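Enquirer:
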Amino acid sequence: MEPRVECVQTVEARLGETPLWCERTQRLVWIDIEEPRLFRLDPATGKASVSTQASTYLGCHALTRSGLHLIARDLELVMEDPETGRSEPFGRVPDEALPATRLNDGRVDRNGRLWIGTMDNGLNQGLGRLYRVDADGAFTPFYDDVIVANGIAFDPGGRHMYFTDTRRHLTWKITLDEAGERPVSRTVFADYSAGGERPDGACVDADGCLWQAFFAGGAIVRYTPDGRIDRKIGLPVTNPTCLCFGGPDYKTLFVTTAYKFLSEEQRADEPLAGSVFAITGAGQGVAEHRFDF
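With UniProt numbering, the residue at position 184 of the sequence shown is 184, and numbering never jumps.
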């Protein structure tokens, strides 16, 4: 079956990101980072809602076991009640400050902890770090000298984490200790420095393969666990940003996109830039882990 690509939500998102599938509500939740908004989409009906967030930037977000929503705003994490929209502070990045850095990509591991990175807002200095956030909101740093933290994803077994620095054009495979609490080794999984490609958001499917979006590359690719690209799917827009599997059977691959950095001429040629796409026939994913606090 050849993959089929269709637009399921037409939006002009400046920097759409972090799609997550909520199996409880059967909805897709995603964000627009630079026009800080959080979207919820019911693909079955097409019904969508949007809420503006009180921040300069959003970084990412996570589902929680309690049903609250964990949202990264600037350098803070907040817990938001999706029913009322009320939010309360949960944690803050230590020793970093706007406008130099902000929170960016993150994902929850099998133990209910959030791994999240920060980035240089100037996109050229190693000012960011990779952190683990525990149930009490404490941030533990592991790697520094990060320009743009991205592409955090875990293999089905939970012992390996993928981590990308978009502006260094590198993706690493990190092995965690048996408790899943600390990295014990890091090796280069994919090196795009020769071609200058920009690896962005990522997810892992049920076969343990890594799917990665390429900003400015107009495509998503799948890597086998040993680092070979075995699939590539083109999109009708230049800037795919992130992706996740969802739907009742996790056989739909949702992809967010962005119009950021496109010229007026490019935007005219790409009326769907910033929209959300759904791909069928790409494989099957697994449910997202939920943050436990």
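We put the beta carbon where it would ideally sit given N, CA and C, even for glycine. Small disclaimer: the values here were computed from a predicted structure and weren't measured.
Secondary structure at A213, three-state DSSP: helix, strand or coil?
Expert: Taking the sequence shown and counting its residues from 1, the one referred to as residue 213 is at position 213. In this structure, A213 counts as strand in the three-state DSSP scheme.
Enquirer: Does the region 234-252 come within contact of the region 209-220, defined as at least 3 CB pairs closer than 8 Å?
Expert: In short, these stretches touch, since the Cβ pair count reaches three.
Enquirer: Determine contact between the region 102-119 and the region 60-79, defined as no fewer than three beta-carbon pairs at a distance below 8 Å.
Expert: Taking 8 Å as the limit for Cβ pairs, the verdict is that the region 60-79 does touch the region 102-119.
Enquirer: Please go through the same chain and pick out, in chain order, the residues whose beta-carbon is closer than 7 Å to the beta-carbon of F293, but skip the five residues on each side of it.
Expert: Locating residue 293 in the sequence shown gives position 293, counting from the first residue. Within the same chain, F293 has close Cβ partners T64 and A135.
Enquirer: Going straight from the alpha carbon of G122 to that of R168, what length do you get?
Expert: By 1-based counting over the sequence shown, the position of residue 122 is 122. By 1-based counting over the sequence shown, the position of residue 168 is 168. Approximately 14 Å between the Cα atoms of the pair.
Enquirer: Can you tell which of I229, R40 and Y259 has its C-alpha closest to the C-alpha of P236?
Expert: Counting from one through the sequence shown, the residue named residue 236 turns up at place 236. Among I229, R40 and Y259, the Cα nearest to that of P236 is on Y259.
Enquirer: Could you give the residue range of the beta strand (DSSP E) that holds R92?
Expert: Sequence index remark: in the sequence shown, residue 92 carries index 92 (1-based). Run containing R92: S87 to R92, per the beta strand (DSSP E) assignment.
Enquirer: Measuring alpha carbon to alpha carbon, tell me which residue in I33, E23, E88 and L38 is nearest V50.
Expert: Numbered from its first residue, the sequence shown carries residue 50 at position 50. It is L38 whose Cα lies nearest to the Cα of V50.
Enquirer: Can you name, in chain order, every residue of its own chain whose Cβ lies under 7 Å from the Cβ of K173, other than the five neighbours on each side?
Expert: To locate residue 173, count along the sequence shown from 1; it is residue 173. Around K173: H160, Y162, T187 and F189.
Enquirer: Going by other Cβ atoms of all chains shown within 10 Å of its Cβ, with 16 needed for buried, is P99 buried or exposed?
Expert: Reading the sequence shown from its first residue, position 99 is the one you call residue 99. Result: exposed.
Enquirer: Helix, strand or coil for Q9 per DSSP?
Expert: If you number the sequence shown from 1, residue 9 lands on position 9. Residue state, collapsed to three classes: strand.
Enquirer: Pick out whichever of N150, D120 and L170 has its Cα sitting closest to the Cα of E96.
Expert: Residue mapping note: residue 96 aligns to position 96 of the sequence shown, counting from 1. Cα-wise, what sits closest to E96 is D120.
Enquirer: Tell me the start and end of each unbroken beta strand (DSSP E) in the region 160-232 that is at least 3 residues and wholly inside, in chain order.
Expert: For the region 160-232, whole beta strand (DSSP E) runs of length 3 or above, ordered along the chain, are 160-165, 170-176, 183-191, 198-204, 210-215 and 219-223.
Enquirer: Of the choices V11, I33, G16 and H61, whose alpha-carbon is the least far from that of H289?
Expert: Numbered from its first residue, the sequence shown carries residue 289 at position 289. For the residues V11, I33, G16 and H61, the minimum Cα distance to H289 belongs to H61.
Enquirer: In three-state terms, what does DSSP make of D144?
Expert: Position 144 of the sequence shown, counted from the first residue, corresponds to residue 144. In the structure shown, D144 sits in a strand (DSSP, three-state: E or B).
Enquirer: Just checking, does the region 133-151 make contact with the region 192-204 on the three C-beta pairs under 8 Å criterion?
Expert: Flag = yes, the region 133-151 and the region 192-204 touch.
Enquirer: Compare the beta carbon distance of C22 and V11 with 8 Å and say whether it is the shorter of the two.
Expert: Position 22 of the sequence shown, counted from the start, is the residue given in the question as residue 22. Position 11 of the sequence shown, counted from the start, is the residue given in the question as residue 11. No, Cβ-Cβ distance for C22 and V11 is not below 8 Å.
Enquirer: Under the assumption that E6 contacts F254 (Cβ atoms under 8 Å), give the Cβ distance between them as a whole number of angstroms.
Expert: Residue 6 sits at position 6 when you count from the first residue of the sequence shown. Residue 254 sits at position 254 when you count from the first residue of the sequence shown. No, E6 and F254 are not in contact; Cβ-Cβ is about 11 Å, not under 8 Å.
Enquirer: Between the beta-carbon of D177 and the beta-carbon of V146, is there less than 8 Å?
Expert: The residue you call residue 177 lines up with position 177 of the sequence shown. The residue you call residue 146 lines up with position 146 of the sequence shown. Contact: no.
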